[in-house]
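*Asks:* This is the structure I have questions about; it appears just below.
Protein chains: 2
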Amino acid sequence: MTETMYGANTPRAEATRARLVEAAIAAFAEKGFHGTTTRDIAAAAGMSPAALYVHHRSKEDLLYLISRAGHERTLTLVRNAIAVGGTPVEKLRLVVYDFAVHHANRHTESRIVNYELAALSPDHRTDIRGIRQQIEAEVRGLVESGVASGDFDSADPRMAAVALLSLGIDLGRWYREEGAWKPEDIGERYADMALRIVGAQQV
Amino acid sequence: MTETMYGANTPRAEATRARLVEAAIAAFAEKGFHGTTTRDIAAAAGMSPAALYVHHRSKEDLLYLISRAGHERTLTLVRNAIAVGGTPVEKLRLVVYDFAVHHANRHTESRIVNYELAALSPDHRTDIRGIRQQIEAEVRGLVESGVASGDFDSADPRMAAVALLSLGIDLGRWYREEGAWKPEDIGERYADMALRIVGAQQV
Chain Y
9 MTETMYGANT PRAEATRARL VEAAIAAFAE KGFHGTTTRD IAAAAGMSPA ALYVHHRSKE
69 DLLYLISRAG HERTLTLVRN AIAVGGTPVE KLRLVVYDFA VHHANRHTES RIVNYELAAL
129 SPDHRTDIRG IRQQIEAEVR GLVESGVASG DFDSADPRMA AVALLSLGID LGRWYREEGA
189 WKPEDIGERY ADMALRIVGA QQV
Chain D
9 MTETMYGANT PRAEATRARL VEAAIAAFAE KGFHGTTTRD IAAAAGMSPA ALYVHHRSKE
69 DLLYLISRAG HERTLTLVRN AIAVGGTPVE KLRLVVYDFA VHHANRHTES RIVNYELAAL
129 SPDHRTDIRG IRQQIEAEVR GLVESGVASG DFDSADPRMA AVALLSLGID LGRWYREEGA
189 WKPEDIGERY ADMALRIVGA QQV
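Those protein sequence lines, which keep their order, are chains Y and D.
When you read off a place in the first sequence, starting at 1, and then add 8, the result is the number in my numbering.
When you read off a place in the second sequence, starting at 1, and then add 8, the result is the number in my numbering.
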């Protein structure tokens with residue numbers, strides 16, 4: 009990712025870049041990628057547009073950075089949950105719980121990560137699609153292995169995997185901190201629903 | 009809704025308004041509400057910005073029109089499915105099937121309807137939220153009645169209803185015509201999954 013970023017690698021430059029990323033997340037979430045100007049982002053970070061260009065070539069560069077970090081975090085989360093869990097039931101419960109809690113906690117960032125893919129440059133989009141395919145493959149593989157071992161009963165593991173991911177991703181749209189449900193409540197319920205969706209034996 | 013629209017009620021004026029709505033859907037879907045100008049919409053409809061104002065006061069007015077029509081269509085679809093179905097199982101199967109097929113077929117419009125609510129004026133947002141609450145209440149009521157009759161086994165009908173709606177809504181994000189699944193394939197599978205989510209007896 010270093011080739012997409014300018015500027016020195018001093019702690020101060022790091023802090024500035026982090027501030028720009030936070031400002032970009034807030035601006036994209038409020039007005040969408042196309043409705044946001046680099047001027048908006050710079051102003052929110054308390055910088056001049058020229059100062060922004062020292063750190064990022066363009067707002068698309070910022071979007072890519074946010075998108076890539078978000079997708080990599082999710083892929084790691086999914087892989088960790090599968091590695092830690094024991095049986096297919098335990099693994100799926102953990103994946104769906106962690107995925108839901110993550111999307112509720114980071115719902116603002118999640119909207120940008122999931123709904124602004126079309127705004128990425130073709131190369132960046134291909135790159136992000138690759139990570140998304142890996143996330144889907146992990147979840148699909150888990151459902152398939154559960155079917156193979158007789159722990160799950162699913163006629164279409166691929167579509168089941170898409171549905172399981174949809175539940176978590178859509179939290180970015182509807183979850184709000186002021187609502188009655190905590191991320192962990194949703195995680196628990198969604199894990200129960202996920203086991204039902206794949207036809208897990210003990211549910 | 010008439011007070012939000014200008015212009016004569018001649019067939020020609022109707023056709024022009026329909027063309028503007030189509031142009032607005034395409035523009036909002038591509039660039040988001042905030043990234044779209046009234047000039048973009050007018051140009052896509054082959055009109056001058058001044059001609060647009062004869063029919064719509066603002067682009068927010070167009071967004072509201074699209075959003076309101078989309079939500080009313082969905083509410084009608086949900087109510088019809090519940091009215092037509094017999095048992096809770098049949099009703100739920102029909103609601104989820106129709107809801108999924110609708111969101112896949114109209115995925116472009118669905119993205120605007122579901123992801124641009126924050127761009128509506130406060131009054132319009134309140135109005136649309138009212139319709140959304142009715143849609144949710146219909147689905148939640150159906151799950152609750154199935155639990156009451158012993159047809160379903162759901163620990164949290166409210167969250168189950170939210171999850172069922174999420175599956176359909178998220179189709180607006182990921183469904184593409186060129187994919188392997190037809191809307192009807194997804195509708196069938198999602199109806200099966202929905203019955204599992206609510207713990208329907210015969211699944």
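Using N, Cα and C, we set each Cβ at its ideal position, and we do this for glycine too.
At a Cβ threshold of 9 Å, is Lys99/Y touching chain D?
*Replies:* It does not: the Cβ of Lys99/Y has no partner Cβ on chain D nearer than 9 Å.
*Asks:* I need the boundaries of the alpha helix (DSSP H) containing Asp106/D, first residue and last residue.
*Replies:* Here the alpha helix (DSSP H) through Asp106/D covers 96-113.
*Asks:* Quick one: is the Cβ of Arg133/Y within less than 8 Å of any heavy atom of the ligand COA?
*Replies:* For the ligand COA, the structure offers nothing, since it holds no ligand at all.
*Asks:* For the alpha helix (DSSP H) holding Arg184/Y, just list the boundary residues, first then last.
*Replies:* Segment: none, Arg184/Y is in no alpha helix (DSSP H) and carries neither H nor E.
*Asks:* Compare the C-beta of Ser75/Y with all C-beta atoms of chain D and state if any pair is closer than 9 Å.
*Replies:* Answer no: the Cβ-Cβ gap between Ser75/Y and chain D never drops below 9 Å.
*Asks:* Check whether the segment 139-149 of chain Y and the segment 197-209 of chain Y touch, using three or more Cβ-Cβ pairs below 8 Å as the test.
*Replies:* Counting Cβ pairs under 8 Å, fewer than three are found: no touch.
*Asks:* Cβ of Pro191/D within 9 Å of Cβ of Asn88/D?
*Replies:* Not closer than 9 Å, so no.
*Asks:* Is there a Cβ of chain B sitting closer than 9 Å to that of Asp164/Y, yes or no?
*Replies:* Of the protein chains in this structure, namely Y and D, none is chain B.
*Asks:* Terminal residues of the continuous alpha helix (DSSP H) containing Leu60/Y?
*Replies:* Its alpha helix (DSSP H) spans residues 57-63.
*Asks:* What is the DSSP secondary structure of Phe41/D, counted as helix, strand or coil?
*Replies:* Here Phe41/D sits in helix by DSSP.
*Asks:* Give every residue of the same chain whose Cβ lies closer than 8 Å to the Cβ of Leu173/D, excluding the five residues on either side of it in the sequence, and list them in chain order.
*Replies:* Cβ within range, chain order: Phe107, Ile143, Glu144, Val147.
*Asks:* Counting contacts by CB-CB distance shorter than 9 Å, is Ser66/D in contact with chain Y?
*Replies:* Closer than 9 Å: no.
*Asks:* Name the chain D residues that come within less than 8 Å of Arg204/Y, Cβ to Cβ?
*Replies:* Result: Arg204, Ile205, Gly207.
*Asks:* State the start and end residues of the unbroken alpha helix (DSSP H) segment that holds Ser66/Y.
*Replies:* No alpha helix (DSSP H) holds Ser66/Y; DSSP gives it neither H nor E.
*Asks:* Counting only Cβ pairs nearer than 7 Å, list the residues of chain Y close to Ser174/D.
*Replies:* Simply Ser174, Leu175, Asp178.
*Asks:* Give the secondary structure of Gly149/Y by DSSP, where H, G and I count as helix, E and B as strand, and everything else as coil.
*Replies:* Note: Gly149/Y maps to helix in three-state DSSP.
*Asks:* Are there three or more Cβ pairs, one per stretch, closer than 8 Å when the segment 124-133 of chain Y is compared with the segment 63-77 of chain Y?
*Replies:* Yes, the segment 124-133 of chain Y touches the segment 63-77 of chain Y.
*Asks:* Could you list which residues in chain D have their beta carbon closer than 7 Å to that of Tyr123/Y, in chain order?
*Replies:* Ordered by position in chain D, the residues that pass the 7 Å Cβ test against Tyr123/Y are Tyr123, Arg181.
*Asks:* Within the continuous alpha helix (DSSP H) that includes Ser157/D, where are the two ends?
*Replies:* Where Ser157/D is concerned, there is no enclosing alpha helix (DSSP H), given that its DSSP letter is neither H nor E.
*Asks:* Can you name, in chain order, every residue of its own chain whose Cβ lies under 6 Å from the Cβ of Leu105/Y, other than the five neighbours on each side?
*Replies:* Note that residue 105/Y is Tyr in the sequence shown here, rather than Leu. Gly195, Ala199, listed in sequence order.
*Asks:* Can you name, in chain order, every residue of its own chain whose Cβ lies under 6 Å from the Cβ of Gly207/Y, other than the five neighbours on each side?
*Replies:* If we look at Gly207/Y and ignore the five residues flanking it on each side, its Cβ neighbours are Phe160, Asp161, Ser162.
*Asks:* What is the residue span of the alpha helix (DSSP H) that Val206/Y lies within?
*Replies:* No alpha helix (DSSP H) holds Val206/Y; DSSP gives it neither H nor E.
*Asks:* One question on the structure: do His79/D and Leu179/D come within less than 9 Å of each other, judged by their Cβ atoms?
*Replies:* No, the Cβ-Cβ distance between His79/D and Leu179/D is not below 9 Å.
*Asks:* Using a cut-off of 9 Å between C-beta atoms, extract the partners of His42/D located in chain Y.
*Replies:* Glu38, Lys39, Gly40, His42, Gly43, Thr44, listed in chain order.
*Asks:* Leaving out five residues before and five after Thr12/D in sequence, what residues of the same chain have Cβ atoms less than 6 Å from its Cβ?
*Replies:* Model confidence at Thr12/D stands at a pLDDT of 42, short of 50, so the residue's coordinates are unreliable and nothing is read from them.
*Asks:* Spatial neighbours of Ser157/Y within its chain, please: CB distance less than 7 Å, with the 5 preceding and 5 following residues excluded, ordered by chain position.
*Replies:* Taken in chain order, the residues that qualify are Pro96.
*Asks:* I'd like to know whether the C-beta of Asp200/D is nearer than 9 Å to at least one C-beta of chain Y.
*Replies:* Yes, contact with chain Y.
*Asks:* Under 9 Å Cβ-Cβ, which residues of chain D neighbour Met167/Y?
*Replies:* Going along chain D in sequence order, the residues near Met167/Y (Cβ under 9 Å) are Trp189, Asp193, Ile194, Arg197, Tyr198, Met201.
*Asks:* Do Leu71/D and Ala34/D count as a contact pair if the criterion is CB distance below 9 Å?
*Replies:* Cβ distance not < 9 Å, so Ala34/D and Leu71/D don't count as in contact.
*Asks:* Could you tell me whether the Cβ atoms of Leu60/Y and Thr46/Y are closer together than 9 Å?
*Replies:* Yes.
*Asks:* Leaving out five residues on either side along the sequence, give the residues of the same chain with a beta carbon under 6 Å from the beta carbon of Leu175/D.
*Replies:* So the qualifying residues of the chain are Tyr198.
*Asks:* Around the Cβ of Thr8/Y, are there at least 16 other Cβ atoms within 10 angstroms (buried) or fewer (exposed)?
*Replies:* With chain Y running from 9 to 211 in the structure shown, residue 8/Y is simply not present.
*Asks:* Under 7 Å between beta-carbons, which chain D residues line up against Ala50/Y? List them in chain order, please.
*Replies:* In chain order: nothing, as chain D lies at least about 17 Å away.
*Asks:* Applying a beta-carbon distance threshold of less than 8 Å, which residues of chain Y neighbour Ala31/D?
*Replies:* Simply none; closest approach about 16 Å.
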